[in-house]
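Just below is one structure, and these are the notes that go with it.
In the UniProt record's numbering, the protein residues as written are 1 to 572.
Right under this line is the structure:
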């Protein structure tokens, strides 16, 4: 068959289009379009009608839980290694100091259960335990060492995770826990070992029950562990004026925290920031945000489970020195939201940044002053300065007159600022007023993620200021009134922008590692009234295991009596 071609020897355009269409149609089974196997977005339903709805919603997807299950499979052998089971007492038999000496990598599965919690399955291929056994018969007692090897041990449990909005913590309860003991081999060693084989079935059932209890108690124990981490992170910093004697007296109760290395925030060191401005550059005075800033962790939307995810919400509003923002601040409501199908999602409403800006305005922290020497003064003002005050400095001030507002839509974030602007010539006690103006600024904020750092640019998109007072009349009055078109975009704004860029763009803001969790592959999307952050995460497993063991050691250290100690799980 002759292939149609053009004069230059290449396949003709109609023929190439025919081949393309043929291949395209061949890829359509049953003449229907192929539906992608995995959609990059998921629809999330949030039913939060409460007056004080959440400002931040967290979503953990099934993908995230699958990753955590794999992580648990890798970490459980290290967590259980050399763990001592509580003393087992069955009739006249006592098994004490039973230590888990070996565990092959288990298989762990976790699935969401709508409106309930999770189904958890644990399969242990092989588990070995050593301990000391004691048997009492009438007035005689026998002792021996025990080695138990368990194979194909399976536990299936249903974990109910619930939280009332008025409760102080989340309830984690194992409502079902079925155990398949699999294969069980038990051996006794010592001069009196033969006395124990007659009751080996009783011993086997006791060890089965102890292991079942250990596995089934892990979810509440992990909850307690994580709860203590959260309490540690949200604990306000200690006061510098605290009495040294009282501090030393409470050393045992408030350890300089064995968990600090796990949950302490990352410290970002900034060097050379002061060198960025020359010594003779314009002086900038920004009111410093002294004080303690903390998010409000009050639960507003309780844990809600579906087949695909877990969603819960916290207030998220910022507290400044413990003070809450205005209660009447608007809290946007959401219904169906499209989110990326990644391990973790965070829906951040306008309410959260607006609480920050409310504190800025309420604490009178929104003041900026820029001071120019004569040689750094804008050129068109130097002639005016010579006429009014040749050796004066030009001082430009800006002050907020209303609380700034963050406005979020599908295009991004816009910050609306309202304030006064003034310009004066100043020399010691001598002041010449140039102008005063009042108006609005609209600032576009364009954040983006790169290599687990948050970068952002801040752009001035609109200026609307009205001069209501001019300090000089005559031939220069018109020029002075036109100064506002220069002062805002050319003088005031660059200094604000410089500081903002220094914080969020020059070096970026490192996304912190929280309690051994590091976030990556982050994406930022926008909807009406909210920004959506989606991403995956990695867990520093060795750090988590080490911290968990320290947590268990701390519980053991606080045990008051030996009898109490023997009833607890602990490490050898």
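C-beta atoms are modelled at their ideal positions from N, C-alpha and C, and glycine is treated no differently. Just so it is clear, the structure is predicted and the values come from calculations on it, not from any experiment.
- By alpha-carbon distance to residue 348, the top candidate from 164, 67, 174, 529 is 529.
- Per DSSP, the beta-bridge partners of residue 177 are 157.
- According to the DSSP assignment, residue 425 belongs to the beta strand (DSSP E) that extends over 412–427.
- Shown here, residue 76 sits in a helix according to DSSP, grouped into three states.
- Rounded to whole angstroms, the gap between the alpha carbons of residue 202 and residue 126 is 21 angstroms.
- According to the DSSP assignment, residue 189 belongs to the beta strand (DSSP E) that extends over 183–189.
- The beta-carbon separation of residue 393 and residue 420, rounded to 20 angstroms, does not stay under the 8 angstroms limit for a contact.
- The DSSP-derived three-state label of residue 331 is coil.
- A Cβ-Cβ separation of about 7 angstroms places residue 85 in contact with residue 569 under the 8 angstroms criterion.
- The secondary-structure analysis by DSSP pairs residue 536 across a beta bridge with 520.
- In the structure shown, residue 198 adopts helical secondary structure according to DSSP, grouped into three states.
- Going by beta carbons, residue 49 and residue 306 fall outside the 8 angstroms limit.
- Beta-bridge analysis with DSSP links residue 561 to no other residue.
- For the set 404, 298, 133, the Cα lying nearest the Cα of residue 164 is the one of 298.
- For residue 67 against residue 340, the beta-carbon gap comes to about 16 angstroms, at or over 8 angstroms, which does not count as contact.
- Between the alpha carbons of residue 296 and residue 311 lies a distance of about 18 angstroms.
- Straight through space, the alpha carbons of residue 123 and residue 213 are spaced by roughly 15 angstroms.
- With a cut-off of 8 angstroms on Cβ pairs, the stretch 62–82 is not in contact with the stretch 354–374, counting fewer than three such pairs.
- Ranking 389, 436, 536, 435 by CA distance to the CA of residue 428 puts 389 first.
- Contact check for residue 160 against residue 173 passes: the beta carbons are separated by less than 8 angstroms.
- Across the set 87, 44, 65, 204, the C-alpha of 87 shows the shortest separation from the C-alpha of residue 563.
- Here residue 410 has 526, 527, 528 as same chain residues with Cβ atoms under 8 angstroms from its own Cβ, once five neighbours each way along the sequence are excluded.
- Contact between the stretch 57–67 and the stretch 93–107 is absent, with fewer than three C-beta pairs closer than 8 angstroms.
- With three or more CB-CB distances shorter than 8 angstroms, the stretch 192–200 counts as touching the stretch 136–147.
- Remark: C-beta atoms of residue 540 and residue 554 do not approach each other more closely than 8 angstroms.
- In the structure shown, residue 213 falls within a helical segment according to DSSP collapsed to helix, strand and coil.
- The beta carbon of residue 54 sits closer than 7 angstroms to those of 48, 300, 301, 313, 314, 315, 316, all from its chain and outside the five residues before and after it, given in chain order.
- Under the three-state reduction of DSSP output, residue 112 falls in the strand class.
- Your pair residue 441 and residue 417 checks out as a contact, with CB atoms roughly 4 angstroms apart and the cut at 8 angstroms.
- Nearest to residue 153 by alpha-carbon distance, out of 137, 184, 131, is 184.
- Comparing alpha-carbon positions, the option among 387, 385, 400, 531 lying closest to residue 447 turns out to be 531.
- Here residue 136 is exposed. Its C-beta has fewer than 16 other C-beta atoms within 10 Å.
- DSSP, read as helix, strand or coil, puts residue 203 in helix.
- The Cβ atoms of residue 107 and residue 128 lie no closer than 8 angstroms to each other.
- Taking C-beta atoms under 8 angstroms as the contact rule, residue 346 and residue 56 qualify, at a distance of about 6 angstroms.
- The beta carbons of residue 117 and residue 69 sit about 14 angstroms from each other, so the pair does not count as a contact at 8 angstroms.
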